[in-house]
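See below for the structure under consideration.
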Amino acid sequence: MKLVMRFYNASQAAYSSATKVRGVNVRMALTKCANSMSTNVFCLETIRLNLSVANRIINGHSMSVRSQLSLARRFAHTDVKFPNFENYRRDSTLDINKAARESEDERRAISHAIYYGVGGMMALIAAKESIQGIVAFKGMAADQKALASIEVKMEEIPEGQVAHFLSRG
Numbered sequence: 001m002k003l004v005m006r007f008y009n010a011s012q013a014a015y016s017s018a019t020k021v022r023g024v025n026v027r028m029a030l031t032k033c034a035n036s037m038s039t040n041v042f043c044l045e046t047i048r049l050n051l052s053v054a055n056r057i058i059n060g061h062s063m064s065v066r067s068q069l070s071l072a073r074r075f076a077h078t079d080v081k082f083p084n085f086e087n088y089r090r091d092s093t094l095d096i097n098k099a100a101r102e103s104e105d106e107r108r109a110i111s112h113a114i115y116y117g118v119g120g121m122m123a124l125i126a127a128k129e130s131i132q133g134i135v136a137f138k139g140m141a142a143d144q145k146a147l148a149s150i151e152v153k154m155e156e157i158p159e160g161q162v163a164h165f166l167s168r169g
């Protein structure tokens, strides 16, 4: 493996190294530390990352160009792009000049209605089931109902009259 390194003058902030591994030209760029005044001092983390890339290529692991380019990126807290969640926010909260207290009741009403609506429905179902269970427990048994049934011919009862029948089981 042949490694050629070129250092530029102090006004430039980077050097590039080129190497030929397994017949493929590989280019890596290292950025100079912002606080270093010398051209020979570079960020240790960046050098380590690029050396690990070179080791992976030498050992036969494949790496995409995108992963090599991502190592040269600057990771400062001022460079972070924050996501925009305005598409997911409610319309009542989009106005930044409006206090949150003004739309608080509207925002809470939906969740409270769902919470108490579902809870009330579950309470009604539980009450119905318990009442039906009590009535079924206190009711007459099926074998007693079968013994107590009698057959009455309706033709024997005159119209307008009332008939009483006694079942003695």
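Going letter by letter, the sequence shown gives residues 1 to 169 in full-length UniProt numbering.
Note that the Cβ used here is the ideal one computed from N, Cα and C, for glycine as well.
Here the structure is a predicted model, which is why all the values come from computation and not from measurement.
message = What would DSSP say about tyrosine 145, mapped onto helix, strand or coil?
response = Here residue 145 corresponds to residue number 145 of the sequence shown, with the count starting at 1. The question names tyrosine, yet the displayed sequence has lysine at residue 145. Residue state, collapsed to three classes: helix.
query = Can the beta-carbon of serine 92 be found closer than 7 Å to that of serine 103?
reply = For the purposes of this step, residue 92 is taken as the residue at position 92 of the sequence shown. For the purposes of this step, residue 103 is taken as the residue at position 103 of the sequence shown. For serine 92 and serine 103, yes; Cβs fall inside 7 Å.
ask   = Of the residues Gly117, Ile125, Ser167 and Glu86, which one's Cα is nearest the Cα of alanine 148?
value = As a position in the sequence shown, residue 148 is number 148, starting the count at 1. Looking at the Cα atoms, Ser167 is the closest of the given residues.
message = For glutamine 132, report the span of its alpha helix (DSSP H) as first-last.
response = Numbered from its first residue, the sequence shown carries residue 132 at position 132. 104-138 is the span of the alpha helix (DSSP H), which, as asked, contains glutamine 132.
inquiry  = So, for phenylalanine 165: in the same chain, excluding its five sequence neighbours on each side, which residues have a beta-carbon less than 7 Å away from its beta-carbon?
reply    = On the sequence shown, residue 165 is found 165 positions in, with the first residue counted as 1. Within the same chain, phenylalanine 165 has close Cβ partners Ile150 and Val152.
task = Could you check what DSSP says for aspartate 95 in three-state terms: helix, strand or coil?
result = To locate residue 95, count along the sequence shown from 1; it is residue 95. It is coil, neither helix nor strand.
query = Three-state secondary structure (DSSP) at alanine 100?
reply = On the sequence shown, position 100 is the one that residue 100 refers to. Reduced to three states, the DSSP call for alanine 100 is helix.
ask   = What residues in its chain sit with their C-beta under 7 Å from that of tyrosine 88, if we drop five residues either side in the sequence?
value = Taking the sequence shown and counting its residues from 1, one reaches residue 88 at position 88. The answer is none, since no qualifying residue turns up.
key: Nonlocal neighbours in the same chain, by C-beta distance under 6 Å from isoleucine 157, ignoring five residues either side   = Here residue 157 corresponds to residue number 157 of the sequence shown, with the count starting at 1. The answer, listed in chain order, is Ala163.
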